[in-house]
Amino acid sequence: MASGDWKALVKALWDGDLESARYFIQLGVDVNYEHPELLTTPLIEAVQGGQVELVALLLEHGADPRQRAGFNEKTPLEIAKADNQEEIIQLLEAHSSPKSSSFYFWRKWFWH
């Protein structure tokens, strides 16, 4: 992944541009990539921008809601709670539950 593609995805998130964000995700931009200088991820940027639809898009494409920001060591959920972003909090909590993880899927598949 070229850092330019990551930056283009983040710009789309800042602009609230759902179609461009979807395009860069389909190109293969890693939704969990933490930029080494900015110390942030696409999900954290979408949360900070209050972009509900973009948060949902990133979560649908595997963004990790438990990944902490390098710049402040907060999770996306902690950031959303600090800003009282109720819709985003609900999305993140739904994707942070053990039942939403692939571990739960495999555990359920093997033992049931």
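Everything in the sequence shown is counted per the working numbering, starting at 2 for the first residue and increasing by one.
Glycine residues also receive a C-beta, built at the ideal position from the N, C-alpha and C atoms.
Limits of the unbroken alpha helix (DSSP H) element including residue i
{"i": "Leu19", "result": "19-28"}
{"i": "Val48", "result": "43-49"}
Top-ranked residue by Cα proximity to residue i, from the options
{"i": "Leu28", "options": "Thr42, Lys12, Asp6", "result": "Asp6"}
{"i": "Ala81", "options": "Val11, Glu46, Gly17, Asn33", "result": "Glu46"}
{"i": "Leu55", "options": "Ala95, Asp18, Glu94, Ala9", "result": "Asp18"}
{"i": "Arg67", "options": "Glu94, Glu61, Ala83", "result": "Glu94"}
Residue i versus residue j - alpha carbon distance
{"i": "Tyr24", "j": "Thr42", "result": "17 Å"}
{"i": "Thr76", "j": "Leu44", "result": "10 Å"}
{"i": "Leu39", "j": "Phe72", "result": "7 Å"}
Helix, strand or coil at residue i [DSSP, three-state]
{"i": "Asp16", "result": "helix"}
{"i": "Val56", "result": "helix"}
{"i": "Lys75", "result": "coil"}
{"i": "Ala9", "result": "helix"}
{"i": "Gln91", "result": "helix"}
{"i": "Ala64", "result": "coil"}
{"i": "Ser1", "result": "Residue 1 lies beyond the residue range present for the chain, which begins at 2 and ends at 113; the question has no answer from this structure."}
{"i": "Ala83", "result": "helix"}
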